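This report refers to the structure that appears directly beneath it.
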Amino acid sequence: MEVYRRFSIQTAPEWREILLAFLAEMPFDSFEDTDEGLNAYLPPGGDALETEQQLKQLQADYAFHYSVEALKNENWNAVWESNFQPVQVRDFCGIRAEFHPPFEGVQYEIVIQPKMAFGTGHHETTWMMMDQMSHLDLQGKLVFDFGCGTGILAILAAQLGATRVDGVDNEYPAYENTLEHAQRNGVGDKINAFYGSLDDVPPAAYDLILANINRNVILASMPELRKRLSENGLLLLSGILHEDEPAIMEAAVAHQFRGLAQQKRGNWMAILLG
């Protein structure tokens, strides 16, 4: 019987976020912080042997130890849900589950069913993306969420007045989450979700593209993202570590972008290009 495997990673606090950037590109489907470092969960069907080989390669460059434990069958979404805490981005936006009381004093509220798809608002990159969106005028705009996860950024864009928001994710649970959460938050008529890659989304001239993914995907996708922007369109990026900035900006300049704003939180940063 296939089961979840928990990879318990012990590392110093300064390495935690850097390791997470690499782990996010492996077949883990969820993460949680611990006092010793973090736990990464490999779903049933994930290649545990290949994952361990990748971790051993990482150990050549980064200081951490890990152990692996096969977990008994449980409703992991229920476990994840029970540990979910509300998230608040200043007085701008709050994210909560249905079983949490409504926020007081925030302009926008997003209600989700917390599951093990990336993007519940806790991660520094998602927080910064929402914070940057608070400074943008999206009224009547066309928006694209590249790597939409649980749909939080797409929903926020719709709440901010976007006429239409397209989103794509290559993980089916994330695609389903986006559709479910769009309906739950009353913006289902504004959000189109696609399952697959960038090539599966019909071409359009977007006023804003949101890309909270990772360095390698951003660099590989930069030419196509440039083509899909309107003349004065904006590209808001995160999933970027501080040390990724030179490579990202070099690619941005090569594709006729200029930096408009930057934000840092922990070891991560967000960059607004225009």
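Each number in our numbering corresponds to the 1-based position in the sequence shown with 456 added.
Even glycine gets a Cβ: it sits at the ideal position worked out from N, Cα and C.
Quick caveat, the model's predicted, so the values are computed rather than measured.
{"Query": "Cβ pair Leu616, Leu598 closer than 8 Å", "Result": "no"}
{"Query": "The stretch 683–697 contacting the stretch 550–565, beta-carbon criterion three pairs below 8 Å", "Result": "no"}
{"Query": "Cβ-based neighbour list, Ser590, same chain, cut-off 6 Å, excluding 5 preceding and 5 following", "Result": "Phe548"}
{"Query": "Limits of the unbroken beta strand (DSSP E) element including Tyr662", "Result": "662–668"}
{"Query": "Exposed unless 16 or more other CB atoms sit within 10 angstroms - verdict on Gly550", "Result": "buried"}
{"Query": "Classification of Asp645 by the beta-carbon crowding that lies within 10 angstroms, buried from 16 upward", "Result": "exposed"}
{"Query": "Identity of the residue in Asn670, Arg546, Tyr631 nearest Glu560 by Cα", "Result": "Arg546"}
{"Query": "Boundaries of the alpha helix (DSSP H) in which Asp587 is found, first to last residue", "Result": "580–589"}
{"Query": "For Ala710 and Pro570, the rounded distance between their alpha carbons", "Result": "39 Å"}
{"Query": "Burial state of Gly501, where buried means 16 or more other Cβ atoms lie within 10 Å", "Result": "exposed"}
{"Query": "Among Gln718, Arg671, Met725, Asp491, nearest to Glu481 - alpha-carbon criterion", "Result": "Arg671"}
{"Query": "Own chain, CB closer than 8 Å to Leu716, minus 5 neighbours either side, in chain order", "Result": "Leu690, Leu728, Leu729, Gly730"}
{"Query": "Burial state of Thr619 (16 or more Cβ within 10 Å)", "Result": "exposed"}
{"Query": "Under the three-state DSSP convention, the category Ala573 falls into", "Result": "Interpretation of Ala573 is limited by its pLDDT of 44, a score under 50 that renders its predicted location unreliable; the figure taken from the coordinates is listed afterwards. In this structure, Ala573 counts as coil in the three-state DSSP scheme."}
{"Query": "Meets three-Cβ-pair contact criterion under 8 Å: the stretch 459–473 and the stretch 493–510", "Result": "yes"}
{"Query": "Where His579 falls, given that 16 or more other Cβ within 10 Å makes a residue buried", "Result": "buried"}
{"Query": "The alpha helix (DSSP H) enclosing Thr634, as first and last residue numbers", "Result": "628–640"}
{"Query": "Cβ-Cβ distance between Ala610 and Val621 below 8 Å", "Result": "yes"}
{"Query": "Backbone CA spacing between Thr582 and Val543 [nearest angstrom]", "Result": "11 Å"}
{"Query": "Test item: CB-CB of Tyr662 and Leu685 under 8 Å", "Result": "yes"}
{"Query": "Sheet register partners of Phe602 (DSSP bridge)", "Result": "Val624"}
{"Query": "Residue from Trp724, Leu475, Phe540, Glu470 whose Cα sits closest to the Cα of Lys512", "Result": "Leu475"}
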